[in-house]
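Asks:
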Amino acid sequence: MSGKRKMYRLQAGLLTIMFLAGIFAPLLKGLLEPDASISAREKRSLAALPERPGSLADVQRYPRRFDDYYADHFGFRETLVSWYKQLKYALGDAPSADVILGRNGWVFLGGIAKGYTKYADPVGDARHVNRYTPETLAAMANYLVAVKNWLAVRGVRYLFVVAPNKHSIYPENLPPWLVPEYPDSALDQLLAYVREHTDVPVLDLRPVLLRAKEHGEVYYYHDSHWNWLGANHAQQAIREEIEKLIPGSLDATLFPMKKGQEREGDLHAFLGMLPRMRPALVPDFKGDCQPRLEPPGAAPRDVHSQYCDRGRLQVLVYRDSFFSHLEPYLSRVFARLTSIWTKVDKTSLQAQLDKNKPDLVIEEWVERNLPMAPDASPFLETRLDLSNAQSIYTMARGDLRFNARIRVLSFTATKLVLESIGNDPYMQLPRLSLAPDGAYVMHIRLRVEKKSGLEVYYSAGDSPEFSAARVLKRPLTPGENDIWLRLPAQGLGSYLRLDPIWAEGRVELDALEVLRLASRKKAGG
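Below, the structure is given as structure tokens:
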């Protein structure tokens, strides 16, 4: 009997130790290891440890902020998240709201939740429901024409390149329920309109990649991007297009490939899987120019240039993540390739023209950015006539609605001081009575502490509904920024929304007003 009792006590003791270890091990691990800022499994920023409360309002918010912090940093969290996601994936359920599971083991970027816009909306693109309206289609064409003409006056050529969504190249591997609702996509709409109404060179890479996939995979199974083989065919098509613009400037050939290995990509991480290497075709650059990077050690998102003595053209590229696989190819065929990981803006473009004097500007977008239409007005060589302009709205206390990511620090008759405490902060203006035939500008004067950008969204009707298809963007530099935005002449609704900064930071807003410009009489009228 005593032996059984001893065994029982031993088992109970071991169970108690295991229980206490399970309770306290995550806590101890979370206390001992440094806090991460990014979740490798979820691809998102983690909550930071809140600062000591300095006011009664801070005291009231502190428990929620600390709870957010601890939920993001308890021990073994990344491992548990990875196990959970892998289990869901094994059961045939997408373990991330940013991934859909396709056929034959393929996965695709995008979400199915109503209003999903985290990575634009590639699922809506595949359904062909993200579409240009006649007004936004004309606005996009006007933008392309304005940029092309602005550069042409300065002796620089322009090429607009669209990198296809993975969904557009492998529709046969999409889930059975994901089918187009319209015969044409936003990219189809844009190409048809631009080719009919403008002379802007727009390169659609879908035909090239659809042909190339007959000889091998051109996109990754577990990544939203093209692979090295797909990028090789894409760079050849870009060089062919450049040769049409600047005859005799370069040869358009494929680079040799060799068997190698490459790490799985973004969707692999969304699935919660540990990084692994898999066999892949990779470029064989043996014997090619070895580009010189300036500044040395520059990160991919830093503005940087690569030099190759064998090249002839000076090229400036505004790009996104799809250019990462193109850059190693194209940096070996141009004399200088300057890479800027952002959309085109006039201030940056003028500075680059003054500094580097490129022969060609390439603007590369991934397809999921459509049907966006940037503002063309900065590239129109006209001056804003503010004489006799009528004020429609001036910033006033009580008129503005702020979302939860903006903290108002002070609001006086002449200045609004606020702090962005998260991504996507915004403030909505009250309903404005805007005439359908009016010409309007928005004036924003603000100070920020770091480089960022602002966005102005406008509704299409008489309700405060906003989308990425109706937005004007401007870069912000540290210090004062005095910005005048000409609002679109067509499709302008009654509501405006200002996102004063793209990330966290302090903003001092000195002016926020909307003016109606005096109409000009036609000659002879």
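Residue numbers (the working numbering): -1 to 523. From the three backbone atoms N, C-alpha and C, an ideal C-beta is built for every residue, glycine too. Here the structure is a predicted model, which is why all the values come from computation and not from measurement.
Note down, in chain order, each residue of its chain lying with its Cβ closer than 6 Å to the Cβ of Y218, except the 5 sequence neighbours on either side.
Replies: Same-chain partners within the cutoff: N225, G263.
Asks: Which same chain residues, not among the five before or five after F464, have their C-beta less than 7 Å away from its C-beta?
Replies: Closer than 7 Å at the Cβ level, and outside the excluded window around F464, lie Y455, S457, R495.
Asks: Enumerate, from N- to C-terminal direction, the unbroken alpha helix (DSSP H) stretches of 4 or more residues contained entirely within the segment 194 to 275.
Replies: For the segment 194 to 275, whole alpha helix (DSSP H) runs of length 4 or above, ordered along the chain, are 204 to 210, 226 to 243, 264 to 268.
Asks: Classify V200 as buried or exposed, calling it buried when 16 or more other Cβ atoms lie within 10 Å of its own Cβ.
Replies: Buried.
Asks: Per DSSP, what are the beta-bridge partners of K471 in this structure?
Replies: Beta-bridge pairing links K471 to E453.
Asks: Looking at the secondary structure, which residues open and close the alpha helix (DSSP H) in which R290 lies?
Replies: It is not in any alpha helix (DSSP H) - R290 instead sits in the beta strand (DSSP E) that spans 290 to 292.
Asks: Nearest CA to the CA of H231: which residue from A394, A161, V446, L452?
Replies: When each option's Cα is compared against that of H231, the closest is A161.
Asks: Can you tell me which of the three DSSP states A278 falls into?
Replies: Residue state, collapsed to three classes: strand.
Asks: As a quick exercise: from Q304, H323, L324, F253, pick the residue whose alpha carbon is nearest that of P289.
Replies: Checked all of Q304, H323, L324, F253; the closest Cα to P289 is Q304.
Asks: Cα separation between T14 and G503?
Replies: Spanning the two alpha carbons is a distance of roughly 48 Å.
Asks: Within 8 Å, do at least three Cβ pairs link the segment 424 to 441 to the segment 398 to 416?
Replies: In short, these stretches touch, since the Cβ pair count reaches three.
Asks: Whole angstroms is fine: what's the gap from K2's alpha carbon to M16's?
Replies: Going by the C-alpha atoms only, they are around 21 Å apart.
Asks: Give the DSSP-derived three-state secondary structure of G522 in the structure shown.
Replies: Low local confidence applies: a pLDDT of 35 at G522 is under 50, so the model's placement there is unreliable, and no value is given.
Asks: Assign D357 to buried or exposed, taking buried as 16 or more other Cβ atoms, counted over all protein chains shown, within 10 Å of its Cβ.
Replies: Buried, since its Cβ has 16 or more Cβ neighbours within 10 Å.
Asks: Please classify Y168: is it buried, with 16 or more other beta-carbons within 10 angstroms of its beta-carbon, or exposed?
Replies: Buried, by the Cβ-count rule.
Asks: Have a look at the DSSP bridge pairing and note the partners of K116.
Replies: Paired residue(s): A118.
Asks: What is the residue span of the alpha helix (DSSP H) that I167 lies within?
Replies: First-last of the alpha helix (DSSP H) with I167: 164 to 167.
Asks: With a threshold of 7 Å on Cβ separation, who are the neighbours of R395 within its own chain once the five nearest residues in sequence on each side are excluded?
Replies: Here the set comprises F409.
Asks: Which same chain residues end up closer than 6 Å to I481 when comparing Cβ atoms and leaving out the 5 residues on each side of it in sequence?
Replies: Counting only Cβ-Cβ distances below 6 Å, and skipping sequence neighbours, we find I442, R472.
Asks: Counting only the same chain and skipping the five closest in sequence on each side, list residues whose C-beta sits under 6 Å from that of D397.
Replies: Same-chain partners within the cutoff: P428.
Asks: Kindly provide the ranges of any beta strand (DSSP E) runs that are 3 or more residues long and lie completely inside the segment 405 to 460, ordered along the chain.
Replies: Entirely contained in the segment 405 to 460, the beta strand (DSSP E) runs reaching 3 residues are, in chain order, 414 to 418, 438 to 446, 450 to 456.
Asks: Is it buried or exposed, W363, if we count other Cβ atoms within 10 angstroms and call 16 or more buried?
Replies: By the 10 Å Cβ count, W363 comes out buried.
Asks: Per DSSP, which one or two residues make a beta bridge with F400?
Replies: M425, per the DSSP bridge assignment.
Asks: Cβ of G436 within 7 Å of Cβ of R334?
Replies: Against a cut-off of 7 Å, the Cβ pair of R334 and G436 comes out as no contact.
Asks: Here's the rule: buried if 16 or more other CB atoms are within 10 angstroms of the residue's CB, otherwise exposed. What is F64?
Replies: Classification of F64: exposed, given that the 10 Å Cβ count is below 16.
Asks: Three or more beta-carbon pairs under 8 Å between the segment 293 to 304 and the segment 229 to 249, yes or no?
Replies: Not touching, per the Cβ criterion.
Asks: In angstroms with no decimal places, state the Cα-to-Cα distance between D282 and S166.
Replies: In a straight line, the C-alpha of D282 is about 28 Å away from that of S166.
Asks: With a floor of 3 residues, list each beta strand (DSSP E) that falls wholly inside the segment 323 to 356, ordered by position along the chain.
Replies: Correct list: 334 to 338.
Asks: Name the residue from G122, A137, N421 whose alpha carbon lies nearest to the alpha carbon of M370.
Replies: Checked all of G122, A137, N421; the closest Cα to M370 is A137.
Asks: To the nearest whole angstrom, what separates the beta carbons of A139 and V192, a pair I think is in contact under 8 Å?
Replies: Rounded, the Cβ-Cβ distance is 6 Å, consistent with contact.
Asks: Going straight from the alpha carbon of D182 to that of R366, what length do you get?
Replies: Between D182 and R366, the C-alpha separation is close to 15 Å.
Asks: So, for S375: in the same chain, excluding its five sequence neighbours on each side, which residues have a beta-carbon less than 7 Å away from its beta-carbon?
Replies: If we look at S375 and ignore the five residues flanking it on each side, its Cβ neighbours are R484.
Asks: Checking 7 Å against the spacing of the C-beta atoms, do V301 and I360 come in under that value?
Replies: Cβ atoms of V301 and I360: not closer than 7 Å.
Asks: How would you write the range of the alpha helix (DSSP H) that L496 sits in, first residue to last?
Replies: Taken as a continuous stretch (DSSP letters only), L496 belongs to no alpha helix (DSSP H), being part of the beta strand (DSSP E) at 494 to 497.
Asks: In whole angstroms, give me the CA-to-CA distance for L207 and V216.
Replies: Cα-Cα distance, rounded: 7 Å.
Asks: Using 8 Å as the threshold, is the segment 315 to 332 in touch with the segment 103 to 117, meaning 3 or more CB pairs across them?
Replies: The segment 315 to 332, when compared against the segment 103 to 117, does not touch it at the 8 Å Cβ threshold.
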